[in-house]
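Here's the structure we're looking at; comments come further down.
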Amino acid sequence: MSGASEIAAGYAFTGPALDLGALLWEGRCLPDAPVRVPLPVLNRHGLVAGATGTGKTKTLQLIAEQLSAQGVPVFLADVKGDLSGISAPGADGAAGGKVRERAEEVGQKWTSTGFPTEFYALGGLGHGIPVRATVTSFGPVLLSKVLGLNPTQEQSLGLIFHYADQKGLELYDLKDLRAVVAFLTSDEGRTELKDIGGLSTATAGVILRSLTAFDAQGAAAFFGEPEFDTGELLRTAADGRGIVSVLELPAVQDKPQLFSTFLMWLLADLFHDLPEVGDLDRPKLVFFFDEAHLLFHDASKAFLDSITQTVRLIRSKGVGVFFVTQTPKDVPGDVLAQLGNRIQHALRAFTPDDQKALKATVKTFPDSAYDLEELLTGLGTGEAVVTVLSERGAPTPVAATRLRAPESLMGPVDGAAVDAAARASSLHERYAQAVDRESAFEKLAARPKPTEKEKEQKKEKAPEARSKPSAPDRTEPTMLEQVVGSGMFRSLARSVGTQVGREITRSLFGTARRRR
């Protein structure tokens, strides 16, 4: 048992910690050898991975419960609709027989408990308090990801946002942005394109068509006011427990890029607003990013660089991020390298691609006393391979673990209960009703139309303009270089920690500073 003793010693922390489960060794569960993760290192980020049906969702629930109990707020993206049960006590009596059996196996004192929960829904589609973002706050980089724009079109969209800012055209919802793009492609506004760095009419047309199609899919509900204040995610309940914020996403499962990018907006917005705090004795918030592979799929290099920077820097603001996906290879290497806490559920190895993914996963773990290829394909539901950061920041030994049972309901509560909880929330009055203030759409609609005389004068000036040299004066940077120039981003690392640095990092995703 020397191997088991060495592993158990690696998890014998002295400070506050979350209990994940009990060590598995040579086919036996050892309840006297708990596997834990120190509370202070949960802002060092993590990964929960595993094939479908291996227990990832219950692992999220287990961690969220214990964080809440220790006063740490939690954000959960509920993609499949089965995390709402965290608000209700777990099944007891005959229905809870398997739960109590699991608890006895791992040495857990199980108590049926519900946790303080707020329910949210993107744009109010589905159950929960509506979560909206203004188009300005969402920014051109994230919006380009949702619209599937290429890098050139993404830069052009950035210029359109810049033009709207310069002209005082507020972009609150999609019709505002559509109105600005339509104006820039009209006879009246086409000359404005030259003033903002040579944006082509063809590219503006592509963006306009993409926006129109996006709107036709019902996406308009997600953008507008009142914009959600991400500071609401940092609240604690009256009894001191952290509030678990559950974003209900089943109603938008058919829009995977939208909800994954919207989650990134929530994280980026938190990053913008929170001050630097360094390492705390407990995180301010732990954010679980479910279906993480959707975020990285077909992402541009600029987008991936922005994610990497955000994940790297948000740790010092007291926020921990856990990516939840099927295999570690779903997460880019630069992001994966920052995830110090790992909970790997079973993997399948039925196909050559599965075998390749299995071998790649094994290589991401420290040297181990286990045969990880064999172990990872043989784990049962609710079992995982764990390695976390110790209290001094070093990786713990790899530990096969039988996980504890959640104390809240392992299944969804019904929609009526979620609706009732949302209506009873103190936030409902603030966010429930959409608001449509005067913005770009109304301002452009009220713009006086040019007279026939003005049109003629414009035509007369056109030949004169064409006769002038078209080459720009290179002594000054173009607006394109000012907006997306690499010099700003190269200076980012040197500037973080200063006021100037904080201003620069606010533009990582092209998002605007919130006006509150």
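According to this note's numbering, the sequence shown is numbered sequentially starting from 1405.
Don't be surprised by glycine CBs; every beta carbon is placed ideally from N, CA and C.
- Remark: C-beta atoms of proline 1770 and valine 1822 do not approach each other more closely than 8 Å.
- CA-CA distance, alanine 1706 to leucine 1546, rounds to 11 Å.
- With fewer than three CB-CB distances shorter than 8 Å, the stretch 1754–1767 does not count as touching the stretch 1462–1477.
- With a contact defined as Cβ atoms closer than 8 Å, glycine 1489 and proline 1852 miss out at about 58 Å.
- Valine 1839 is classed as exposed because its beta carbon has fewer than 16 other beta carbons within 10 Å across all chains shown.
- The continuous alpha helix (DSSP H) containing arginine 1594 extends over residues 1594–1599.
- Alanine 1412 is classed as buried because its beta carbon has at least 16 other beta carbons within 10 Å across all chains shown.
- DSSP places phenylalanine 1727 inside the beta strand (DSSP E), whose first and last residues are 1723–1729.
- Taking 8 Å as the cut-off, the beta carbon of arginine 1536 is found no closer than this to the beta carbon of glycine 1682.
- The residue from Ala1703, Ser1664 and Asp1633 with its alpha-carbon nearest to that of phenylalanine 1675 is Asp1633.
- The alpha-carbon separation between glycine 1782 and threonine 1791 amounts to approximately 18 Å.
- The beta carbons of leucine 1553 and serine 1614 sit about 7 Å from each other, so the pair counts as a contact at 8 Å.
- In the structure shown, the three-state DSSP call for valine 1452 is strand.
- In the displayed model, isoleucine 1747 falls within a strand according to three-state DSSP.
- If you draw a straight line from the Cα of proline 1438 to the Cα of valine 1452, it comes to about 19 Å.
- Here the C-alpha atom of glycine 1572 lies approximately 40 Å from the C-alpha atom of valine 1728.
- Straight-line spacing of the CA atoms in threonine 1731 and leucine 1740 works out to 11 Å.
- If you ignore the 5 residues before and after glutamine 1512, its C-beta comes within less than 6 Å of the C-beta of Arg1808, all in its own chain and listed in chain order.
- Looking at the DSSP output, aspartate 1482 shares a beta bridge with Glu1652.
- Closest in C-alpha terms to glycine 1786, from the list Ala1798, Lys1767, Arg1806 and Glu1777, comes Arg1806.
- Around the beta-carbon of proline 1679, fewer than 16 other beta-carbon atoms lie within 10 Å, marking it exposed.
- In this structure, the beta-carbon distance from lysine 1688 to leucine 1651 does not fall below 8 Å.
- Under the DSSP definition of a beta bridge, tyrosine 1524 partners with Ile1533 and Leu1651.
- When the beta-carbon positions are compared, serine 1812 and proline 1534 stay at least 8 Å from each other.
- Per DSSP, proline 1435 is one residue of the beta strand (DSSP E) stretching across 1432–1442.
- The bridge partners DSSP lists for phenylalanine 1693 are Phe1727.
- Check the Cα spacing between lysine 1579 and each of His1566, Ser1843 and Thr1515: the tightest is with Ser1843.
- Note that the stretch 1661–1672 touches the stretch 1694–1714; at least 3 beta-carbon pairs, one per stretch, sit closer than 8 Å.
- The beta carbon of glycine 1724 lies closer than 8 Å to those of Leu1446, Asn1447, Arg1448, His1449, Gly1450, Pro1687, Leu1689, Val1690 and Phe1691 in the same chain, with the five residues before and after it left out.
- The DSSP-derived three-state label of arginine 1827 is helix.
- With a 10 Å radius around the Cβ and a threshold of 16 neighbouring Cβ atoms, threonine 1800 comes out buried.
- Annotated three-state conformation of valine 1789 is strand, per DSSP.
- Across the structure, leucine 1743 and glycine 1737 are spaced so that their CA atoms are roughly 10 Å apart.
- In the DSSP assignment, valine 1839 is bridged to Glu1629.
- Measuring C-alpha to C-alpha distances from valine 1789 to each of Thr1768, His1566 and Gly1527 identifies Thr1768 as the nearest.
- A direct Cα-Cα distance of roughly 51 Å separates proline 1630 from cysteine 1433.
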